[in-house]
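K.L.:
Protein chains in written order, with my numbering: chain A, 1 to 166; chain B, 167 to 352.
In structure tokens, the structure reads:
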């Protein structure tokens with residue numbers, strides 16, 4: 001288990017996250033195993049990220065603290081739901097995003113969304129954090145606090161360099 | 167049968183079961199609002215396709231509370247993966263009702279693929295949902311709402327002449343959330 005993965009997991013626990021939906025990324029595999037094995041977290045692997053936005057919204061209405069774990073490609077699949085569900089009604093969501101397509105990316109198909117991820121979040125007014133592993137636990141907890149207090153989606157972006165640190 | 171007839175009976179069943187009711191965007195929400203408005207109704211104003219997902223998240227979060235979803239053929243076709251997720255993760259307090267009018271009723275009745283023969287009953291079964299029911303006749307409506315699973319109700323195209331919902335998104339979610347959240351969480 002890498003320290004990067006553990007930092008995010010501890011951040012989720014620190015934030016009290018108890019409901020998670022996910023679409024996998026290779027960089028999230030250890031985290032997904034931890035979340036999936038945690039008896040205090042309801043984990044629903046979904047078929048598409050915007051489905052996860054819907055599930056998380058319902059779970060929050062039902063009193064849970066939700067997180068969506070995904071790759072940044074999934075941000076593109078989620079934009080209408082983030083805007084016309086979460087932002088329209090004021091529903092908080094913590095998004096843990098493996099940010100592919102940056103420096104060192106071996107898969108060319110990841111590059112377009114890699115470049116667009118931050119501009120898309122900025123255009124939507126979605127707060128985003130890019131922690132180093134040493135600060136990640138605290139940042140994840142803080143990101144949830146901001147989401148809950150502002151009743152809005154908040155993103156934590158974790159790039160290739162983040163996952164490279166053991 | 168007309169969709170609003172099915173919605174009226176679904177709303178009655180939801181009230182009788184003290185169920186939370188998540189309703190699809192567009193005319194279905196307007197029809198529900200006009201036949202039976204309750205704080206336990208969640209009217210979708212956007213995010214087409216996600217009614218079933220919102221309801222599923224709620225049902226998982228509140229396993230002791232019945233959750234019913236009113237969805238449409240166009241919306242389910244937009245989020246077909248939901249049937250697979252429901253098959254494997256939906257708890258026994260979750261009922262998805264698909265009102266299939268074979269068209270996009272809120273945008274001018276353009277035909278969906280169910281008009282051409284796509285079978286949502288078979289799709290739900292094939293996705294792995296065990297308790298799937300089909301209702302074609304209005305006289306079968308009273309028994310059309312089991313405790314859990316997926317029900318597909320064939321309805322006529324066309325919308326009732328009902329006004330737009332006069333509640334703000336803030337009002338809709340505040341009263342729904344208050345109805346939905348466990349008593350110990352304020």
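Note that CB positions come from ideal geometry on N, CA and C, so glycine has one too.
Which residues in chain A sit within 9 Å of residue 245/B, going by Cβ to Cβ distance?
P.N.:
47, 48, 50, 51, 54
K.L.:
So that I know if they touch, is there some Cβ in chain A lying closer than 7 Å to that of residue 216/B?
P.N.:
Judged by the 7 Å Cβ criterion, residue 216/B is in contact with chain A.
K.L.:
So what does residue 236/B bridge to, in DSSP terms?
P.N.:
189/B, 263/B
K.L.:
Where residue 135/A and residue 141/A are concerned, what is the direct C-alpha to C-alpha distance, given to the nearest angstrom?
P.N.:
Residue 135/A and residue 141/A: Cα-Cα distance of roughly 10 Å.
K.L.:
May I ask you to verify whether the stretch 48 to 61 of chain A touches the stretch 79 to 95 of chain A, counting CB pairs closer than 8 Å and requiring at least 3?
P.N.:
yes
K.L.:
For the beta strand (DSSP E) holding residue 320/B, just list the boundary residues, first then last.
P.N.:
315 to 320
K.L.:
Can you tell me whether residue 252/B is helix, strand or coil according to DSSP?
P.N.:
The answer is helix: DSSP assigns residue 252/B an H, G or I state.
K.L.:
Taking all protein chains shown into account, do 16 or more other C-beta atoms lie within 10 angstroms of the C-beta of residue 186/B, making it buried, or fewer, making it exposed?
P.N.:
Buried, since its Cβ has 16 or more Cβ neighbours within 10 Å.
K.L.:
Is it buried or exposed, residue 230/B, if we count other Cβ atoms within 10 angstroms and call 16 or more buried?
P.N.:
exposed
K.L.:
Please list the partners that residue 75/A has in chain B, where partner means a Cβ-to-Cβ separation under 8 Å.
P.N.:
The premise fails here: residue 75/A is roughly 15 Å from chain B at the closest Cβ pair, so nothing lies under 8 Å.
K.L.:
Taking the C-alpha atoms as reference points, what is the distance between residue 317/B and residue 119/A?
P.N.:
42 Å
K.L.:
Cβ of residue 64/A less than 7 Å from any chain B Cβ?
P.N.:
yes
K.L.:
Check for me: the beta strand (DSSP E) holding residue 207/B runs from which residue to which?
P.N.:
207 to 209
K.L.:
Might you give, ordered along the chain, the residues of its own chain that have their beta carbon closer than 6 Å to the beta carbon of residue 104/A, omitting 5 neighbours on each side?
P.N.:
160
K.L.:
Please identify, using Cβ separations under 8 Å, the residues of the stretch 328 to 351 of chain B that lie next to chain A, in order along the chain.
P.N.:
335, 336, 338, 339, 342, 343, 346, 347, 348, 351
K.L.:
Please work out which residues of its chain come closer than 7 Å, Cβ to Cβ, to residue 32/A, disregarding the five sequence neighbours upstream and downstream, and give them in chain order.
P.N.:
22, 24, 69
K.L.:
Looking at the secondary structure, which residues open and close the beta strand (DSSP E) in which residue 142/A lies?
P.N.:
Where residue 142/A is concerned, there is no enclosing beta strand (DSSP E), although the alpha helix (DSSP H) it sits in stretches over 133 to 150.
K.L.:
Measure the Cβ-Cβ separation of residue 345/B and residue 181/B and say whether it is below 7 Å.
P.N.:
The beta carbons of residue 345/B and residue 181/B sit no closer together than 7 Å.
K.L.:
Go to residue 40/A, then tell me how far its alpha helix (DSSP H) extends in each direction, as first and last residue.
P.N.:
That residue, residue 40/A, is in no alpha helix (DSSP H); it is neither H nor E in DSSP.
K.L.:
Do you know how far the Cα of residue 101/A is from the Cα of residue 109/A?
P.N.:
8 Å
K.L.:
Spell out whether any CB of chain B is found under 7 Å from the CB atom of residue 7/A.
P.N.:
No - not a single Cβ of chain B is within 7 Å of the one on residue 7/A.
K.L.:
Between the stretch 247 to 258 of chain B and the stretch 287 to 300 of chain B, do three or more beta carbon pairs fall short of 8 Å?
P.N.:
Flag = yes, the stretch 247 to 258 of chain B and the stretch 287 to 300 of chain B touch.
K.L.:
How big is the Cα-Cα spacing for residue 26/A and residue 150/A?
P.N.:
31 Å
K.L.:
List, in chain order, every chain A residue whose beta-carbon is nearer than 9 Å to that of residue 241/B.
P.N.:
Near residue 241/B there are no residues of chain A at all, since even the closest Cβ is about 11 Å away, more than 9 Å.
K.L.:
Short of 7 Å Cβ to Cβ, which residues in the stretch 179 to 201 of chain B face chain A?
P.N.:
So nothing in the stretch comes that close.
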